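Residue numbers (the numbering used here): 25 to 295.
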């Protein structure tokens, strides 16, 4: 039986011994593929472009990349990380020495710029559900606390004076007193601040924040609301139902911020 090795398929051998001539065959193979294979081959093509920038003759590679950008469907070929081949090819041209970056068409430069800063829409439905549940829990805790406050006069079930609290250590007593004073200070308006802050942050994240910088700002606002709400709830006296509402609102804001962070990579339309 012959042990002679068969020649590799066109385009694939160039990944081990890359050259600019491998781009066109690999592109045609990727365009004809479907599903996961299409994304995988797009990733191979993008990786080959990045490698050729450091190994291939700049003039030959620039000619091949311009030819690749002129092919139909180059902007629709996207790898598993969400990077279109057209973006990878344009970045390859920009990485070449002078004068090749000057040959990049303005529309390609604009596409690269927009790709780096545009983000996908925020998960509005998921965030609205989380924040809505947190607000309902907070409102319910507020109603329960008000009813208990109206029906209770600080006496035990036997009608006697309240039982004396158990002795506490000095540092625990200081922390408890500080938490009680802080809670009495912020108690009247803090739940409203949480609600209004969450509403404004939600509209900012879902309507206005369409760039990476704005999305990061919206995420930080939610995380800040969540951390502050949780800190205030933990510092407040135990047993107050309103503190559970503050805690629920804080956790909801924290989850909303994490949902923004988990958004998928951007895939804006590219030519």
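Where a beta carbon is used, it is the ideal one built from N, C-alpha and C, also for glycine.
Because the structure is a prediction, the values reported are computed rather than measured.
query                                                                                                                                                                                 : result
For residue 62 and residue 43, I'd like the C-alpha separation in whole angstroms.                                                                                                    : 21 Å
Between which two residues does the alpha helix (DSSP H) carrying residue 53 extend?                                                                                                  : 47-56
What's the call for residue 139, buried or exposed, on a 16-neighbour Cβ count within 10 Å?                                                                                           : buried
Taking all protein chains shown into account, do 16 or more other C-beta atoms lie within 10 angstroms of the C-beta of residue 215, making it buried, or fewer, making it exposed?   : buried
With burial defined as no fewer than 16 other Cβ atoms inside 10 Å of the residue's Cβ, what is the status of residue 159: buried or exposed?                                         : buried
Can you pull the DSSP bridge partners for residue 102?                                                                                                                                : 108
I'd like the span of the alpha helix (DSSP H) that includes residue 129, first residue to last.                                                                                       : It is not in any alpha helix (DSSP H) - residue 129 carries neither H nor E in the DSSP assignment.
Specify the secondary structure class of residue 96 as computed by DSSP and reduced to three states.                                                                                  : coil
Using 10 angstroms around the beta-carbon of residue 277, count the other beta-carbons present and answer buried if the total reaches 16, otherwise exposed.                          : buried
What is the residue span of the alpha helix (DSSP H) that residue 266 lies within?                                                                                                    : 265-285
Give me, in chain order, the residues of the same chain whose beta-carbon lies closer than 8 Å to that of residue 182; leave out the 5 immediate sequence neighbours on both sides.   : Here residue 182 scores only 47 on pLDDT, less than 50, and its place in the model should not be relied on; the value that follows carries that caveat. If we look at residue 182 and ignore the five residues flanking it on each side, it has no Cβ neighbours.
Mind reading off the beta-carbon distance from residue 53 to residue 65? Whole number of angstroms is fine, and I expect it under 8 Å.                                                : 6 Å
Take residue 113 and list the residues in its own chain whose beta-carbon comes closer than 8 Å to its own, dropping the five residues that flank it on each side.                    : 73, 89, 92, 93 and 98
Buried or exposed: where does residue 70 fall if 16 or more other Cβ atoms within 10 Å of its Cβ makes it buried?                                                                     : buried
Work out the CA separation of residue 156 and residue 121 for me, nearest whole Å.                                                                                                    : 54 Å
Quick check on this structure: which residue in 83, 57 and 133 has the alpha carbon closest to the alpha carbon of residue 103?                                                       : 57
Can we say the region 252-269 touches the region 160-170, given the rule of at least three CB pairs closer than 8 Å?                                                                  : yes
Ignore the nearest five residues each way along the sequence and tell me which others in residue 154's own chain have a CB closer than 6 Å to its CB.                                 : 276, 279 and 280
So, with DSSP's three-state summary, where would you put residue 215?                                                                                                                 : helix
Within a Cβ cutoff of 8 Å, which residues of the same chain sit near residue 218, ignoring the five residues on either side of it in sequence?                                        : 162, 249, 253, 270, 273, 274 and 277
Relative to the C-alpha of residue 225, which residue among 134, 152, 171 and 87 is closest?                                                                                          : 152
Would DSSP call residue 170 helix, strand or coil?                                                                                                                                    : helix
Taking only beta-carbon positions, decide if residue 158 is within less than 8 Å of chain D.                                                                                          : Judged by its chain identifiers, the structure shown contains no chain D, having just a single protein chain.
Label residue 243 either buried or exposed according to how many other C-beta atoms from any shown protein chain fall within 10 Å of its C-beta, with 16 as the threshold for buried. : buried
Over what stretch of residues does the alpha helix (DSSP H) that includes residue 64 continue unbroken?                                                                               : 59-79
Quick one, are the C-beta atoms of residue 110 and residue 148 less than 8 Å apart?                                                                                                   : no
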